[in-house]
Structures are given as C-alpha cells and as structure tokens.
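Undergrad: Take this structure, written in structure tokens, and hold onto it; I'll ask about it next.
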Amino acid sequence: MSTLNINIGDLQLKNPVMTASGTFGYGLEYADFVNLADIGAIIVKGTTLHHREGNDYPRMAETPSGMLNCVGLQNKGVDYFCNNIYPQIKDIDTNVIVNVSGSTPEDYAECAARIDQLDKIPAIELNISCPNVKDGGMAFGVTRKGAAQVVKAVRAKYHKTLIVKLSPNVTDITDIAKAVEDEGADSVSLINTLMGMAIDIERRKPLLSIKTGGLSGPAVKPVAVRMVWQVARAVRIPVIGLGGIMNANDAIEFFMAGASAIQIGTANFIDPTVTVKVRDGINQWLDSHNVSSLTEIIGAVD
Amino acid sequence: MSTLNINIGDLQLKNPVMTASGTFGYGLEYADFVNLADIGAIIVKGTTLHHREGNDYPRMAETPSGMLNCVGLQNKGVDYFCNNIYPQIKDIDTNVIVNVSGSTPEDYAECAARIDQLDKIPAIELNISCPNVKDGGMAFGVTRKGAAQVVKAVRAKYHKTLIVKLSPNVTDITDIAKAVEDEGADSVSLINTLMGMAIDIERRKPLLSIKTGGLSGPAVKPVAVRMVWQVARAVRIPVIGLGGIMNANDAIEFFMAGASAIQIGTANFIDPTVTVKVRDGINQWLDSHNVSSLTEIIGAVD
Amino acid sequence: MKKYMKNLLVEEVSFPHQRYVLVKLTDQQPLPDILPGQFVQVKVEGATNTFLRRPISVNYVDRNNNQLWLLIQTVGEGTRTLAKLKAGDYLNILFPLGNGFTIPHTTADILLVGGGVGVAPLLYFGERLHNNGNKPVFLLGARTNNDLLQIPMFQQFGEVLVTTEDGSLGEKGFVTNHSVLGKRTFSHIACCGPKPMMMSVARYAMANNIHCEVSLENMMACGIGACLCCVEKTVKGNVCVCKEGPVFDIRQLTWEL
Amino acid sequence: MKKYMKNLLVEEVSFPHQRYVLVKLTDQQPLPDILPGQFVQVKVEGATNTFLRRPISVNYVDRNNNQLWLLIQTVGEGTRTLAKLKAGDYLNILFPLGNGFTIPHTTADILLVGGGVGVAPLLYFGERLHNNGNKPVFLLGARTNNDLLQIPMFQQFGEVLVTTEDGSLGEKGFVTNHSVLGKRTFSHIACCGPKPMMMSVARYAMANNIHCEVSLENMMACGIGACLCCVEKTVKGNVCVCKEGPVFDIRQLTWEL
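Residue numbers (the working numbering), protein chains in the order written: chain A, 3 to 304; chain B, 3 to 304; chain C, 8 to 264; chain D, 8 to 264.
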C-alpha cells in the first residue's frame with residue numbers, strides 16, 4: 003500500500019484527488035454515489051461576494067471528447083454560503099475548499115476574508131480565469147499585472163492555504179504562475195477551461211447563450227499536461243493539475259508532468275464515482291510499479 | 003446548384019475547401035484517392051530556405067479526438083522544391099499554395115521571393131506559428147511585433163496573395179491578426195495547432211521526441227471556431243478557418259463563424275477523400291437550405 | 008430519494024416505431040422506488056462523438072417483472088447507439104433522478120397531455136393514478152396514426168383521446184384543439200412534449216385556472232444538480248431542471264403565456 | 008502501385024489465439040495486386056478513444072477465394088474493437104500501402120524470421136517465394152508453443168523451424184540462438200518482429216554478410232507518406248516507413264549493430 007498523502011502548503015491531503023470547482027456542486031449532490039471522505043479535497047462551486055444568477059440557458063454544448071459550458075458563476079453569494087451551506091458541509095470528513103471569484107480585487111479579498119472565518123475551510127482556490135462572465139476575473143487571469151493585483155489583495159486578508167487557478171488562454175502561463183507565486187500564493191491549479199464556441203448551423207446561432215464558453219474534458223488534456231509541465235518547472239510552489247482526467251492513468255500522466263495533486267471535473271458527469279476509482283487506481287498503479295510514495299513520480303518527466 | 007467560388011485576395015477558388023499544410027504532402031500522395039482538381043486549393047507542406055531534417059521519431063501521438071505531432075518542418079529546402087517538386091505539381095488544375103516557414107524575417111522573405119518566381123503558385127501561406135521547432139517562427143507568431151516584422155519583410159519581396167497562418171497559443175489572437183493585416187497580409191488562416199504534451203507513463207517519458215507538439219483534430223474545433231469568430235470581427239481581410247473539420251457541417255460552422263474558406267487537415271489521415279466529400283456536402287447543405295451562394299452564410303453568426 | 012448508479016441488464020429491446028426503441032431493463036435486486044416523471048441518465052458506450060450521458064424519462068416500471076422501461080427516440084448518434092443494444096447487454100444508468108409529477112388527491116379530474124416522445128412518462132404516471140383510484144384521461148397528439156405508441160397500454164389506465172395532424176386517427180389537429188377541452192373541465196393537467204405544445208397547453212390551463220404541470224427537457228450534463236447547465240428561469244430564479252424539475256408547476260415558470 | 012480506399016466485406020472472423028483475431032475480407036471485384044510485406048490502414052468504427060486508422064500488415068491473399076487476410080494482435084482499444092467485427096460487417100481500408108519485401112532470384116537461399124505478430128506478413132511472402140521456386144526456410148519464435156500461429160500453413164510453403172522461450176516447441180531460446188544459423192548459410196534474410204529481435208537478426212546478417220531486410224512498425228498517422236510522422240533515420244536521412252518502407256535493407260538503416 004503506497005503513501006498517497008501529500009501537502010499543498012499547510013493543506014494536508016489524505017490522497018491527491020480533488021474535485022474541480024463547478025463540477026461537484028457542494029459535494030452533497032454526490033453523497034449517494036461516493037463516500038465524500040474518500041476524496042482528498044472537495045472544491046465547492048464558485049462563490050462570489052454577492053448573489054449571481056449566472057448566464058441564461060443554454061449553458062452547455064457537447065463537443066468531441068469534451069463539453070463547453072457558460073454557467074457564469076451562478077451562486078447565492080458568500081454570506082448565504084457561510085450561513086446556509088457551510089453548516090451542511092463543515093462536518094464532511096475531508097478538506098472542503100471554496101472556489102472564490104470576483105470582479106474587483108476588493109471583492110475577491112472581501113469574499114476571501116469572510117471564508118477565512120470558517121474553521122473547517124482550510125483553503126480557497128482563487129478563480130482568476132473564469133471565461134464565462136464579463137467581470138469574472140478572466141481579465142485578471144490573463145495578465146501578469148492583473149493576476150498579481152488580485153492575489154496581493156487576497157493574500158493580505160486571507161491567512162490559510164491560497165490556491166490560484168490559472169487560465170490556459172494566455173501566451174505564456176509560466177509568466178502568470180510566477181507572478182502569483184511572487185505575491186504569496188501557496189499553490190497554482192491549472193488548467194481552467196479553454197475558451198471555445200460551437201454553432202447550431204440550423205438556427206445559425208451559437209449553441210451557448212453568451213456565444214462562447216469554456217472547453218473541458220479529455221479534448222483539452224494534452225494542453226493541460228503541457229502547461230502543468232511548463233509551470234511545474236517554472237515555480238517552486240506545488241502545482242495542482244486538471245484538464246480531462248478520466249482515469250488513474252490520466253492522473254499519473256499529470257503527476258509525472260509535475261502535478262502534486264489533481265482535480266477531476268467533467269468526468270464526474272459521466273461517472274459520479276470516478277474520484278474514488280481514480281484514487282484506487284493510482285494506488286494500484288503505484289503498488290504494481292513498486293512505488294512506495296506518490297512523491298516519487300511527481301515530476302518524473304524532466 | 004449553389005455558387006461555391008470565393009476569392010481570397012487575388013486568389014480565385016472554385017470552392018472554399020483547401021488542404022492544410024503538412025497533412026496533404028504535395029497533393030500527389032492523394033492523387034489515387036481524389037481528383038486533385040476538385041479541391042479549391044492545395045496547400046503543400048512547409049518549405050524553408052534551407053533543407054531541414056525535422057525532429058527525431060516519435061513525432062506523433064494519438065489523443066482523445068485528436069493527435070499531437072512534432073514533425074518539425076522536414077523538407078528539402080526551397081530550391082529543391084522549385085527544381086524537383088514544382089515541375090510535378092505545376093499542372094494540377096487547381097490552386098497550389100506553398101506554406102513558407104523560416105527562422106528569421108530575412109529567410110522567410112528570401113524563401114518567399116523564390117516562390118514568387120513560380121508562375122503556377124498564386125499564393126503562399128506564411129507559417130509564423132510552428133510550435134515544433136525552436137526557430138520555427140512560433141516566437142514571431144505570438145507577439146504583435148514579431149508577426150508584423152516577418153510579414154513586413156515578406157510583403158516587400160512577395161507580390162502575389164499572402165496568407166498568414168496564426169498561432170492559437172496566444173492571449174489575444176485578434177491583436178496578432180490586426181498586426182499582420184496592417185502589414186499588408188491578404189488573408190489570415192487559423193488556427194495552427196495548440197501546443198500540447200502526452201506522456202508514456204510506463205516509460206515515464208513524453209510520447210514525442212521533443213516532448214511537446216501541436217494538437218489538431220476535432221478536439222480543438224471549439225477553440226478554432228471561437229478564434230475564427232473573434233478574428234473575422236476584428237479584421238477586414240478574409241479569414242480562412244481550420245481546426246478539426248471532419249465533415250461539411252463542421253465546415254459550415256466555420257463559415258457561419260466568419261471564415262471565407264476552410265482547410266482540412268487531420269481528417270485527411272482518416273479519410274483521404276474527405277476534401278471532396280466536404281465540398282459536395284457544403285453544396286448539398288446550401289441547396290437544401292435554399293442558399294444560392296456560399297457568401298450568404300459567411301459570418302451569419304454575429 | 009437515494010440515487011443509484013447501476014449496470015442494469017437489458018432484457019428486451021423492441022422497435023415500436025422506426026424512430027423509437029423500447030429498452031426493458033432489469034436487475035437482480037428489486038428496483039428502488041421510482042416516481043412518475045423521474046428520469047435516468049444513460050451512459051452511451053461505443054459512440055465516437057457522444058461524450059456525456061443521455062437523460063431518458065422513465066416510460067414504465069413493471070414491478071411484476073422488476074423491469075424499468077425506457078422509450079427512446081433515436082435522434083442523434085447517442086440515441087442511435089442505444090438502439091443497437093441487445094438483450095443480454097448491460098446499460099449503466101444513474102437513477103432515479105428529478106422530482107416527478109405531483110400526485111393529486113384521488114378525486115382529481117386529471118388530464119395527461121403528451122406529444123411525440125413526451126408521451127413516454129405519462130404511461131407510468133397514468134398507471135399510478137389509476138392505482139390511486141383516479142380516472143385519468145390521456146390526450147395524445149402525433150403527426151399520424153402510425154406515430155402513436157403504446158395506445159393499448161394507456162387504455163388499461165384510463166380513457167385515451169387522440170389528435171393527429173393528418174386526421175388519420177382521432178380528431179384532426181393539435182391536442183389543444185381537441186373538443187374535450189371544451190366539453191369537460193379538469194382540475195389537473197400534466198403535460199409532456201415539444202415546448203410549443205406545452206406552452207399552448209399551459210395557456211389553456213392558465214385561462215381556465217387549472218393546476219398544470221409540465222415536464223421540461225433542457226440539455227443536461229450531470230443530471231444531479233451539480234453543474235448548473237440545465238437551468239430554467241423560474242420565479243425563484245435559475246433552477247436546475249435535473250434536480251428541481253424536470254416537472255414544474257407552470258406558475259413557477261416565467262414563460263410568456 | 009495504385010492505392011484504393013474500399014469497404015471490404017468481412018467474410019470470416021476467427022480467434023487463433025486469445026490475443027489475436029484473424030479477419031478475412033473480400034470484395035465484389037478481384038482484389039488488386041498486393042505485394043508481400045505491404046500493409047493496409049484500417050478504419051476503426053465505434054471506439055471512443057481511437058481516432059486514427061490502424062496499420063495492419065497483410066497476412067495472406069487467398070486468390071482462389073478473393074480474400075485478404077489480416078492477423079491482428081489485440082493490444083489496445085482500437086484493435087480490441089476490430090476483434091468485435093462479425094461476418095457480414097464492412098471494414099474500410101486503404102491498401103495496398105508501402106513497398107513490400109524484395110523478391111530475390113529463384114535460386115536464393117532465403118530465411119524468413121518472425122516473432123510475435125511479426126510472423127503475419129511472412130506467410131504471404133513465403134507463398135510467393137514458394138510459387139517462384141524458392142525453398143524458403145521459416146524461423147519462427149514465440150514465448151510458448153501455444154503462441155505459434157498458422158504453422159500448418161507455413162509448412163505448405165517451406166521448412167518451418169521454431170524456437171520457444173520455454174522450450175515447449177522446437178529449440179529453447181530466441182530465434183538468433185537457433186542451431187540452423189550455425190549449420191546452414193543463407194543468401195537472404197527477411198525479418199519481422201519486435202525491434203530487439205530484428206536488431207539481433209540484423210547483427211547476425213551483417214556479421215555473415217547476408218542480404219537482410221526488416222519490416223518496421225513505426226507509429227503512423229496517414230500511411231501514405233503525407234504527414235511525415237512515421238519516419239525512420241536512414242543513410243538518406245529521415246524517410247517515411249509508410250512509403251519508403253515498411254521494409255528496409257538493414258544497410259539503409261542507422262541502427263547501432
């Protein structure tokens with residue numbers, strides 16, 4: 003039995019399998035299918051300072067080996083989360099991490115500050131790369147300056163583990179990664195979705211209500227692995243890899259590229275038990291290859 | 003029978019179906035399967051001023067709904083092309099376009115100048131975005147300045163239709179597109195491949211000899227459609243769309259996004275007759291929708 | 008209600024119509040409680056371009072044979088691939104999903120209106136009502152006689168009225184033109200079918216102040232309320248059709264009627 | 008040689024081994040000329056993660072029955088999907104591709120060395136040599152007795168020598184350990200199998216100055232020399248295995264022997 007536990011900053015994971023924000027609800031939606039305590043960390047849905055209705059329907063389009071979405075950060079706001087959701091999830095016996103979005107460095111920071119008060123939330127993931135809302139931080143996520151600005155504001159108000167989720171829609175993702183590392187981020191997670199579009203040729207209209215959306219699923223895996231590999235070599239903080247992971251072999255590909263942990267997103271829609279299957283599969287792979295600890299294969303590809 | 007002919011600068015196409023450089027050889031490789039004269043334009047393999055051996059094997063990896071390649075511009079150089087290849091292809095009864103790559107603005111320009119001398123080559127496509135060679139122009143293709151520099155140098159020496167192939171590995175592709183338009187490009191083609199990576203977890207090594215490669219195929223189609231839509235709204239010159247087109251419906255998606263013509267790449271590997279099938283399929287779609295000319299649906303999605 | 012992911016055994020596959028396949032699934036254990044109007048998320052194997060599960064409404068639950076019936080319209084690659092299922096295959100499904108229709112009091116006069124594949128969930132609902140002592144009336148619309156499915160089964164559970172666009176069976180026209188709407192008054196309507204049909208039925212119900220529920224078919228990814236892709240605008244804001252629905256009281260919706 | 012894309016009819020599917028499927032294809036028209044050592048590119052339908060065609064060497068061409076035989080090792084999703092083919096299905100292939108083995112003069116003493124699925128093309132080559140009046144010797148290596156396929160057919164065309172790693176048939180060990188190499192001298196060797204095996208055979212041929220051809224299996228995309236993905240380093244630089252190969256004279260290669 004190999005050792006699967008790994009630390010991300012002060013965050014201690016019993017295993018490296020996390021759920022990607024926006025694909026696992028608040029965890030509770032999956033409680034009938036998996037034992038939530040078996041998952042290394044549950045990153046719950048994107049939370050903003052104020053209530054957001056999100057974008058109009060349709061918000062989803064299926065694409066070859068993937069899907070586009072433009073949910074647009076629908077959520078009831080951080081206070082509702084603290085008062086109504088947190089009490090329901092705080093006793094889940096694993097790490098519950100909140101994904102935080104915003105429109106200005108100030109509301110990112112204010113939202114983070116309120117979550118800082120919640121004992122049972124050991125970390126947040128800053129979404130500076132949501133492609134689906136005009137003011138969803140994508141603007142911050144694609145420039146060195148913008149990314150640094152948001153992380154600096156949040157770091158000043160947030161004292162636990164700070165993960166920053168990076169956008170792949172940039173020329174040089176290592177440049178953004180270094181900027182957020184310099185501002186005190188404890189970890190970076192990548193990749194967020196690739197901005198894409200699909201058209202209904204019969205209606206001669208985009209399939210998504212806001213025309214473009216974020217591409218996820220196995221289709222993007224090669225781009226994600228490449229970026230994880232680049233970033234892992236550019237920063238000292240741990241990298242969390244995601245993008246099209248469907249099984250344990252995919253996860254191991256990310257570890258070898260340099261990821262210390264991984265997130266599973268779209269795959270949850272096809273198999274709600276995939277998180278636990280991936281955890282078990284990683285274990286079996288490590289055992290069958292006589293690897294005693296996950297850490298031995300992290301960054302195996304130089 | 004709808005009208006399929008379309009002009010790209012001075013280039014007159016009998017139909018909007020082109021072959022993507024590097025996927026159709028010099029056309030001759032496909033002569034047993036399709037009547038080359040049925041294709042709107044054949045863009046032959048990347049040509050450089052001097053002979054290039056390309057990268058070591060392995061150069062290819064299959065990915066979900068796509069493939070990675072790192073061929074690396076293997077070719078015998080422009081003089082060999084002019085003396086040995088050109089005589090074999092000059093009488094193909096359609097447009098034969100040469101894809102030109104280089105390492106410096108000067109050798110791009112010199113290579114283009116030599117092809118300018120060839121009567122039966124009405125256009126070139128500048129590849130300022132090859133992700134697979136250290137000096138393959140990717141550096142030029144990802145900055146406004148670099149792209150402008152190459153196009154300026156080539157435009158001074160090349161007098162026929164100049165198409166510039168854009169890299170999707172950028173934060174804002176419209177910025178690059180405008181820069182090349184300003185320097186006198188007659189058209190832009192996009193997208194080139196997305197930079198990706200795949201790992202052989204048993205060997206703990208990348209599947210490609212140079213680690214990273216270019217992702218193509220249906221997996222990238224949503225990204226390609228999005229970028230074509232963005233660029234078509236940002237420039238006045240015609241846009242040529244490519245990226246994962248497998249059939250006529252895919253092609254029509256690109257037209258509606260704003261493409262005046264399309265290129266078929268990876269699909270040629272799965273069906274060497276796909277170019278003609280797509281041409282016929284476009285025709286049937288236009289007829290069955292009572293569209294008398296292709297131009298009526300170009301940019302139908304605003 | 009607890010949700011399950013199971014590989015159910017395909018016991019029978021039949022083709023009641025060129026565009027429909029009826030798949031009867033079973034399991035070793037007794038099937039769990041399933042409410043009329045609930046749906047399942049089906050995993051499609053061996054389809055090159057089908058990535059996500061496909062939501063399929065529950066057509067019928069045959070407790071005697073421990074069978075779950077899915078009546079599937081073969082519209083795209085995914086559903087065409089499902090039509091290739093053979094007895095003996097296994098189908099992976101998530102179920103039961105969604106809220107289901109409200110079961111009215113046993114004295115309610117209830118009209119069940121269905122069009123196209125939308126008739127599927129009304130069969131199971133009709134049986135439940137029948138068993139509860141209601142006398143449901145089914146009003147089923149189709150293009151032609153030959154597009155009406157499972158009529159004999161519907162007749163076991165209540166009176167069946169039909170409209171066809173070509174008049175080949177029942178009254179000619181659309182369900183909302185059927186004379187019964189002028190002759191009889193109903194206390195409840197449940198409706199499933201193409202959106203234009205549901206909207207005109209909703210309009211009728213509104214005008215006549217009849218409690219009316221419709222079953223929506225918004226595109227879904229997860230099917231369990233996690234991804235927020237299938238939302239419908241309601242008086243409470245955007246809600247997930249897969250979780251808060253698929254059945255909605257029309258007064259909850261923001262349709263312009 | 009003209010290349011074709013055709014939907015060939017699957018006439019027979021058999022499983023000579025748990026890891027192999029033998030597919031026999033036919034066509035209305037007589038099959039075109041196909042050279043020993045050439046291959047086909049097979050389109051795989053209904054495999055979720057198989058995007059490209061799969062190159063498969065020609066195992067045998069049965070002119071009497073107008074059949075093309077493919078002996079396929081089921082290693083990945085693509086080939087496992089091909090193993091699901093049934094008689095009556097159609098398989099889309101590009102063929103014939105590549106150069107094929109050199110046909111030596113009729114007095115040549117030729118040894119055909121095969122290992123694993125690499126034995127497949129040697130059957131068709133052996134028949135051709137037999138028909139030309141050569142007396143080919145087959146030297147076939149496998150892990151065990153049970154991994155040796157089509158032996159009776161090989162025996163129709165020449166002498167068959169065998170090595171198995173466990174000694175369950177023929178001589179124990181690898182093909183290059185077989186005693187025949189010490190006893191007899193050959194003028195030509197043709198070899199197909201795992202690269203380590205081909206390299207040691209090439210070493211033997213070099214040392215004994217025997218004309219030797221090997222058939223390479225580099226990963227391919229197009230199969231017709233267009234994409235330049237399957238290149239092998241040769242004395243002439245990088246060349247496409249799918250077009251200049253798959254068969255190479257070892258003196259053309261840059262292997263370190």
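Using N, Cα and C, we set each Cβ at its ideal position, and we do this for glycine too.
Beta carbons nearer than 8 Å to chain D: which residues of the stretch 24-53 of chain C have them?
TA: The stretch 24-53 of chain C vs chain D, Cβ under 8 Å: Glu52 and Gly53.
Undergrad: Report back the beta-carbon spacing between B:Ile123 and B:Gly29 to the nearest angstrom; my notes put them in contact at under 8 Å.
TA: In the second sequence, the residue the question calls residue 123 of chain B occupies position 121. In the second sequence, the residue the question calls residue 29 of chain B occupies position 27. With 8 Å as the limit, B:Ile123 and B:Gly29 do not qualify as a contact, their Cβ atoms being about 12 Å apart.
Undergrad: Mapping the DSSP letters down to three states, classify B:Cys113 as helix, strand or coil.
TA: By one-based count along the second sequence, residue 113 of chain B stands at place 111. Helix.
Undergrad: Using beta carbons (cut-off 8 Å, strictly below), is B:Gly42 in contact with chain D?
TA: The count along the second sequence starts at 1 and reaches residue 42 of chain B at position 40. It does not; no Cβ of chain D falls within 8 Å.
Undergrad: Applying a beta-carbon distance threshold of less than 7 Å, which residues of chain G neighbour B:Tyr59?
TA: As a matter of chain content, chain G is missing from the structure shown, whose protein chains are A, B, C and D.
Undergrad: Report yes if the CB atom of A:Gly219 is closer than 8 Å to the CB atom of A:Gly246, and no otherwise.
TA: Looking up residue 219 of chain A in the first sequence gives position 217. Looking up residue 246 of chain A in the first sequence gives position 244. Contact: yes.
Undergrad: Show which residues of chain D have a CB atom less than 8 Å away from the CB atom of C:Thr55.
TA: Here residue 55 of chain C corresponds to residue number 48 of the third sequence, with the count starting at 1. Going along chain D in sequence order, the residues near C:Thr55 (Cβ under 8 Å) are Glu52, Gly53, Ala54 and Thr55.
Undergrad: Report buried or exposed for D:Pro62, applying the criterion of at least 16 other Cβ atoms within 10 angstroms of its Cβ.
TA: Numbered from its first residue, the fourth sequence carries residue 62 of chain D at position 55. With 16 or more other Cβ atoms within 10 Å, it is buried.
Undergrad: May I ask you to verify whether the stretch 114-130 of chain D touches the stretch 189-202 of chain D, counting CB pairs closer than 8 Å and requiring at least 3?
TA: Judged by Cβ distances under 8 Å, the stretch 114-130 of chain D makes contact with the stretch 189-202 of chain D, as three or more pairs qualify.
Undergrad: Measuring only the C-alpha atoms, how far is A:Pro208 from B:Ile178?
TA: What you label residue 208 of chain A is simply residue 206 of the first sequence in a count that begins at 1. What you label residue 178 of chain B is simply residue 176 of the second sequence in a count that begins at 1. Roughly 24 Å separates the two Cα atoms.
Undergrad: Residues of chain D with CB under 7 Å from B:Met248, in chain order?
TA: Residue 248 of chain B sits at position 246 when you count from the first residue of the second sequence. The premise fails here: B:Met248 is roughly 10 Å from chain D at the closest Cβ pair, so nothing lies under 7 Å.
Undergrad: Compute the beta-carbon to beta-carbon distance between C:Leu89 and C:Val47, rounded to the nearest angstrom, for a pair I have assumed lies under 8 Å.
TA: Taking the first residue of the third sequence as position 1, residue 89 of chain C is located at position 82. Taking the first residue of the third sequence as position 1, residue 47 of chain C is located at position 40. Not confirmed; about 12 Å, so no contact.
Undergrad: So what's A:Arg281 in DSSP terms, helix, strand or just coil?
TA: Against the first sequence, residue 281 of chain A aligns to sequence position 279. In this structure, A:Arg281 counts as helix in the three-state DSSP scheme.
Undergrad: Would DSSP call D:Asn56 helix, strand or coil?
TA: Here residue 56 of chain D corresponds to residue number 49 of the fourth sequence, with the count starting at 1. Reduced to three states, the DSSP call for D:Asn56 is coil.
Undergrad: Taking Cβ-Cβ distances below 9 Å as the criterion, which residues of the stretch 87-119 of chain B are in contact with chain D?
TA: Within the stretch 87-119 of chain B, no residue has a Cβ that lies closer than 9 Å to any Cβ of chain D.
Undergrad: Quickly, what does DSSP pair C:Tyr11 with across the bridge? List them, please.
TA: Along the third sequence, read from residue 1 onward, the residue named residue 11 of chain C stands at position 4. DSSP output for C:Tyr11 lists C:Phe102 as bridge partner(s).
Undergrad: Within the continuous alpha helix (DSSP H) that includes D:Lys202, where are the two ends?
TA: As a position in the fourth sequence, residue 202 of chain D is number 195, starting the count at 1. D:Lys202 -> alpha helix (DSSP H) spans Lys202 to Ala214.
Undergrad: Hey, quick one: how far does the beta strand (DSSP E) through C:Pro62 stretch, first residue to last?
TA: Along the third sequence, read from residue 1 onward, the residue named residue 62 of chain C stands at position 55. First-last of the beta strand (DSSP E) with C:Pro62: Arg61 to Asp69.
Undergrad: Opposite A:Pro208 in the DSSP bridges: which residues?
TA: Stepping through the first sequence from its first residue, residue 208 of chain A is reached at position 206. Beta-bridge pairing links A:Pro208 to A:Ile201.
Undergrad: Any C-beta of chain A within less than 8 Å: which residues of the stretch 67-83 of chain B qualify?
TA: Within the stretch 67-83 of chain B, the qualifying residues are Ser67, Gly68 and Leu70.
Undergrad: Under the assumption that C:Leu19 contacts C:Ala94 (Cβ atoms under 8 Å), give the Cβ distance between them as a whole number of angstroms.
TA: Within the third sequence, numbered from 1, the residue matching residue 19 of chain C stands at position 12. Within the third sequence, numbered from 1, the residue matching residue 94 of chain C stands at position 87. According to the sequence provided, residue 19 of chain C is Glu. The question's Leu does not apply to it. Sure, about 6 Å apart at Cβ, within 8 Å.
Undergrad: Using the Cα positions of A:Val153 and B:Thr268, report the straight-line distance between them to the nearest angstrom.
TA: Reading the first sequence from its first residue, position 151 is the one you call residue 153 of chain A. Reading the second sequence from its first residue, position 266 is the one you call residue 268 of chain B. Going from the Cα of A:Val153 to the Cα of B:Thr268 covers about 41 Å.
Undergrad: So which of D:Gln162, D:Asn225 and D:Leu188 has the shortest CA-CA distance to D:Phe255?
TA: Position 248 of the fourth sequence, counting from 1, holds the residue named residue 255 of chain D. Residue D:Asn225 is the option with its Cα nearest to D:Phe255.
Undergrad: Taking the beta strand (DSSP E) that B:Ile165 falls in, what are its first and last residues?
TA: Residue numbering aside, residue 165 of chain B sits at position 163 when the second sequence is read from its first letter. B:Ile165 -> beta strand (DSSP E) spans Thr163 to Lys167.
Undergrad: Tell me which residues share the same chain as A:Val172 and place their Cβ nearer than 7 Å to its Cβ, disregarding the 5 neighbours each side in the sequence.
TA: On the first sequence, residue 172 of chain A is found 170 positions in, with the first residue counted as 1. The answer, listed in chain order, is Val144 and Ile178.
Undergrad: I'd like to know if the stretch 102-112 of chain B and the stretch 30-44 of chain B are in contact, where contact means that at least 3 CB-CB pairs between them fall below 8 Å.
TA: The stretch 102-112 of chain B vs the stretch 30-44 of chain B: no contact.
Undergrad: Where does D:Glu172 fall in DSSP's three states?
TA: The count along the fourth sequence starts at 1 and reaches residue 172 of chain D at position 165. In the structure shown, D:Glu172 sits in coil (DSSP, three-state: anything other than H, G, I, E or B).
Undergrad: A:Thr25 versus chain C: which residues are under 8 Å apart at the beta carbon?
TA: Here residue 25 of chain A refers to the residue found at position 23 when the first sequence is read from its first residue. Residues of chain C passing the Cβ test: Cys229, Ala233 and Cys234.
Undergrad: Take D:Gln74 and list the residues in its own chain whose beta-carbon comes closer than 6 Å to its own, dropping the five residues that flank it on each side.
TA: Taking the fourth sequence and counting its residues from 1, the one referred to as residue 74 of chain D is at position 67. Here the set comprises Lys31 and Thr33.
Undergrad: Return the Cβ separation of A:Gly42 and A:Ala263 in integer angstroms, given the expectation that the two are a contact with Cβ distance under 8 Å.
TA: The residue given as residue 42 of chain A occupies position 40 in the first sequence. The residue given as residue 263 of chain A occupies position 261 in the first sequence. Their Cβ separation, rounded to whole angstroms, is 7 Å, which keeps A:Gly42 and A:Ala263 in contact under 8 Å.
Undergrad: Taking A:Glu64 as the query, report the chain B residues whose CB atoms sit under 9 Å from its CB, ordered along the chain.
TA: Your numbering for residue 64 of chain A matches position 62 in the first sequence. Under the 9 Å cutoff, chain B gives no residues; its nearest Cβ is about 10 Å from A:Glu64.
Undergrad: Got a sec: which bits of the stretch 167-185 of chain A sit with their beta carbon under 7 Å from any beta carbon on chain B, in order along the chain?
TA: Listed by position along the chain: Asn171, Val172 and Thr173.
Undergrad: With a threshold of 16 other CB atoms inside 10 Å of the CB of B:Asn85, please say whether the residue is buried or exposed.
TA: Counting from one through the second sequence, the residue named residue 85 of chain B turns up at place 83. Exposed, because fewer than 16 other Cβ atoms sit within 10 Å of the Cβ of B:Asn85.
Undergrad: Give the residues from the stretch 185-210 of chain D that approach chain B closer than 7 Å (Cβ to any Cβ), ordered along the chain.
TA: Hits within the stretch: zero.
Undergrad: Which residues in chain A sit within 8 Å of B:Ile254, going by Cβ to Cβ distance?
TA: Counting from one through the second sequence, the residue named residue 254 of chain B turns up at place 252. Correct list: Ile203.
Undergrad: Looking at the C-beta of A:Thr275, does it have a partner C-beta in chain C at a distance below 8 Å?
TA: Locating residue 275 of chain A in the first sequence gives position 273, where the first residue counts as 1. Closer than 8 Å to some Cβ of chain C, the Cβ of A:Thr275 qualifies, so yes.
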